[in-house]
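First comes the structure, then the notes that go with it.
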Amino acid sequence: MNQIPEIFRVVPVNHFVILASILFSIGILGVLTRRSAIIIFMSIELMLNSVNLLFVAFSTYKSDPAGQVFVFFIMAIAAAEVAVGLAIIVMIYRRIRSTDVSILNNLKG
Amino acid sequence: MVLNLFYFLSFLAILSGIMVVVSKNPIHSVLYLILTFFTLSGHYILLNAQFISIVNLIVYAGAIMVLFLFTIMFLNLQDDSFTGSRIMFHVAALLMVIAFAGILVVKLGGAQIDVADDASFNSQVGMVENLGMTLFNKFLVPFELVSVLFLSAMVGAVMLGRKEKGERNF
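From first to last, the protein sequence lines stand for chains A and L. Start counting the first sequence at 1; every next residue gets the next number (this note's numbering). Start counting the second sequence at 110; every next residue gets the next number (this note's numbering).
Below is the structure:
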């Protein structure tokens, strides 16, 4: 029952680190280049998921369940964040008829 | 076999992640993001983390992305494309992100990371029984606090989404 699955022998944990880094960078690219608030929000979700992947990878490679419990909490907080964030986006859309963040510069000094 | 599966899932995850950022239609972005979540769930199954894999599918691909789809459906968004006036900004952002990813990949990809040895390895760590024991013993207080967080998020979303007086509705 406690035999080590094959992946832990053939795939080093560094590969998961590289994959998570690339996904996180793609998320940053989306936040920087897109103007629609919803796409920016989805890029943030992508970044959260890359961090989740890193947590799960380290948790399983080190046999420590705390990392996966932490991923569970991250998912819960992401769900709450999406609910409030999308409500804010809907409110912005009602006011200015668009979700383009480059229009939202009223607080610019 | 496992190695090929890992590389296939990683390739698919990166490809669909890029498509999330570059596709013009927001609906396509959402669908590609769901594909990314499915490939990440595949990774979790490869890592023997069944509970997190299923929760990822239910919570992210099931609940959160449906919320995104509904919002996009309500809002009737127009395509925001990569317009020419900001081309230099996009080039700068791309260069910065490539540099950032390069630093991370080179420094962390070659790092020496110690993992559990054969004696202390436990393949059952990602199962529901094990995680449930940890969650309800060691992390009971944060688990209860999450419910308070959800309540406040629910109240906040309802308050924000309420129709204000004297405002036209869409």
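For glycine and all other residues, C-beta sits at the position ideal for the given N, C-alpha and C. All values reported here derive from a predicted model rather than from experimental measurement.
Relative to F70/A, the option among F183/L, I161/L, V267/L, V224/L whose CA is nearest is I161/L. Contact between the stretch 215-235 of chain L and the stretch 6-14 of chain A is present: 3 or more CB-CB pairs across the two stretches fall below 8 Å. Taking 9 Å as the cut-off, the Cβ atoms of P65/A and V250/L do not count as close. Less than 9 Å separates the beta-carbon of F72/A from that of L244/L. Beta-bridge partners of D100/A (DSSP): S36/A. Here the alpha carbon of R34/A sits roughly 8 Å from the alpha carbon of V130/L. A check of alpha carbon separations from L46/A across I163/L, L142/L, N165/L identifies L142/L as the nearest.
By a beta-carbon distance limit of 8 Å, I92/A contacts T99/A. Their separation comes to about 6 Å. Taking the CA atoms as reference points, V84/A sits about 19 Å from N49/A. Counting along the chain, no alpha helix (DSSP H) covers S63/A, and no H or E run does either. For L217/L, the enclosing alpha helix (DSSP H) begins and ends at 196-218. Ranked by how close their Cα comes to the Cα of Y153/L, the residues I44/A, A37/A, T60/A, L29/A have T60/A in first place. For P135/L, the enclosing alpha helix (DSSP H) covers residues 135-155.
Here L260/L is exposed: its Cβ has fewer than 16 other Cβ atoms, across all protein chains shown, within 10 Å.
The continuous alpha helix (DSSP H) containing N239/L extends over residues 237-246. D223/L is not a Cβ neighbour of I4/A, given a cutoff of 9 Å.
E6/A carries a coil assignment under DSSP once its states are collapsed to helix, strand and coil. Between the stretch 170-187 of chain L and the stretch 75-83 of chain A, the count of Cβ pairs shorter than 8 Å is three or higher; the stretches touch.
A straight-line Cα-Cα distance of about 8 Å links V111/L and V10/A.
Only buried fits F177/L, as 16 or more other CB atoms lie within 10 angstroms of its CB.
For Q221/L, there is no enclosing alpha helix (DSSP H), since its DSSP letter is neither H nor E. Taking 9 Å as the CB threshold, I26/A lines the interface with chain L. The beta carbon of Y116/L sits closer than 6 Å to none of the beta carbons in its chain outside the five residues before and after it. Scanning L107/A, I103/A, S36/A, I18/A for the CA closest to the CA of F58/A turns up I18/A.
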